[in-house]
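J.:
Residue numbers (the working numbering): 4 to 248.
#1: Name the DSSP bridge partner or partners of residue 134?
#2: Assign residue 21 to one of two classes, buried (16 or more other C-beta atoms within 10 Å of its C-beta) or exposed (fewer than that).
#3: Which partner residues of residue 104 appear in the DSSP bridge assignment?
#4: Any chance the segment 119-130 sits against the segment 221-229, with 3 or more Cβ pairs inside 8 Å?
#5: With H, G and I counted as helix, E and B as strand and the rest as coil, what does DSSP make of residue 19?
#6: First and last residue of the beta strand (DSSP E) that includes residue 159?
#7: Residue 200: which of 137, 152, 168 sits nearest, CA to CA?
#8: Counting beta carbon pairs with one atom in the segment 65-73 and one in the segment 90-110, are three or more of them shorter than 8 Å?
#9: Going by DSSP, what residues sit across from residue 62 in a beta bridge?
#10: On the DSSP bridge list, what partners appear for residue 27?
#11: Under 8 Å: do the segment 107-114 and the segment 126-134 share three or more Cβ pairs, one atom per stretch?
#12: So residue 115 and residue 104 are supposed to be a Cβ contact under 8 Å. How far apart are they, rounded?
#13: In angstroms with no decimal places, state the Cα-to-Cα distance between residue 19 and residue 150.
#14: Any idea which residues DSSP pairs residue 90 with across the strands?
#15: With a threshold of 16 other CB atoms inside 10 Å of the CB of residue 25, please say whether the residue is buried or exposed.
#16: Would you please state the rounded distance, in angstroms, between the beta carbons of residue 51 and residue 32? I believe it to be under 8 Å.
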C-alpha cells in the first residue's frame with residue numbers, strides 16, 4: 004500500500020496540458036572604471052547578474068545560479084544560492100561568462116544555460132571613461148515552461164514575476180502553499196538594487212507579457228478545437244460502422 008505522501012507528490016507533479024508559463028528575465032553586466040584607483044590588473048569593478056525583467060523576485064522560479072568565470076580568477080565557478088542572482092568582481096579583461104540556472108524541483112529538472120560577454124569598455128573608445136557612469140550591457144529573454152506542474156502553477160499563479168495564462172474553462176488549481184512570513188523572508192527583488200538606476204528599461208516587457216498570454220490563449224483554443232474534431236471523427240467512425248452492418 005502506497006504512502007499518503009506519495010499520492011500527494013503525484014498530484015502536485017501532475018502536468019497541466021495546453022498551458023504555458025513564461026518568465027521574462029534580463030541578464031547582463033554593469034562595469035565601473037576605477038579611475039585613479041585602477042591598476043594594471045584591476046581597471047574595473049563589475050557585477051554580472053540575472054534579474055526579472057520588471058525587477059521582481061526570481062527566487063520563486065530559480066533555485067540557484069552558477070557563474071563560470073575566466074580560469075584566471077580564484078575559484079572561477081561561483082554558485083549563488085539565493086536571489087538576487089549576481090556576483091561582483093574586479094579585473095581588466097573582457098570574456099564570456101557562462102551562466103547556468105537551476106530551477107526548483109516542481110519547475111524543471113533541466114538547467115538552462117546562458118552566455119554573456121562581459122563588457123567593460125564603452126562602444127565609443129575615443130570618448131573619456133567615467134568613474135560615475137557604468138558601462139551597462141543587458142539582454143532580454145523569456146523562459147517558457149510548457150505543461151507546468153500543478154505545484155508550480157499554484158505557487159506562482161498570483162506572482163508578478165511570471166506571465167500566467169488563463170486556465171481552461173472549469174479547471175481550478177489547488178490553493179498555493181502558504182508563503183513564509185514576508186518580514187522573515189529575505190527580499191529577492193531588484194527594485195531598490197544599488198545598480199537599479201542604471202538598469203535598462205525594457206518598457207516592452209509588459210507588452211511582451213500580454214502577447215505571451217494572448218499566444219497561450221490561442222494555443223489553448225487550438226487544442227480545444229483539436230479535441231472537438233477528434234471527438235467528431237470518432238463519432239463519425241462509429242456511425243459509419245453501424246450503417247455498414
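From the three backbone atoms N, C-alpha and C, an ideal C-beta is built for every residue, glycine too.
T.: In this structure, then:
#1: Note: residue 134 is not bridge-paired with any residue in the DSSP secondary-structure output.
#2: Within a 10 Å sphere around the beta-carbon of residue 21 sit 16 or more other beta-carbons, which makes this residue buried.
#3: Looking at the DSSP output, residue 104 sits in a beta bridge with 68, 115.
#4: Counting C-beta pairs closer than 8 Å gives fewer than three between the segment 119-130 and the segment 221-229, which falls short of the contact rule.
#5: DSSP places residue 19 in coil when its eight states are reduced to three.
#6: Not the beta strand (DSSP E): residue 159 falls in the alpha helix (DSSP H), residues 153-159.
#7: Comparing Cα-Cα distances from residue 200 to each of 137, 152, 168, the minimum goes to 137.
#8: Output reads yes: the segment 65-73 touches the segment 90-110.
#9: Note: residue 62 sits in no beta bridge, so no partner.
#10: DSSP lists 145 as partners of residue 27.
#11: Two segments are said to touch when three or more pairs of C-beta atoms, one from each, lie closer than 8 Å; by this definition the segment 107-114 does not touch the segment 126-134.
#12: Their Cβ separation, rounded to whole angstroms, is 5 Å, which keeps residue 115 and residue 104 in contact under 8 Å.
#13: C-alpha separation (whole angstroms): 5 Å.
#14: For residue 90, which the question treats as bridged, DSSP gives the partners 51.
#15: With a 10 Å radius around the Cβ and a threshold of 16 neighbouring Cβ atoms, residue 25 comes out buried.
#16: Contact holds; Cβ gap of about 4 Å.
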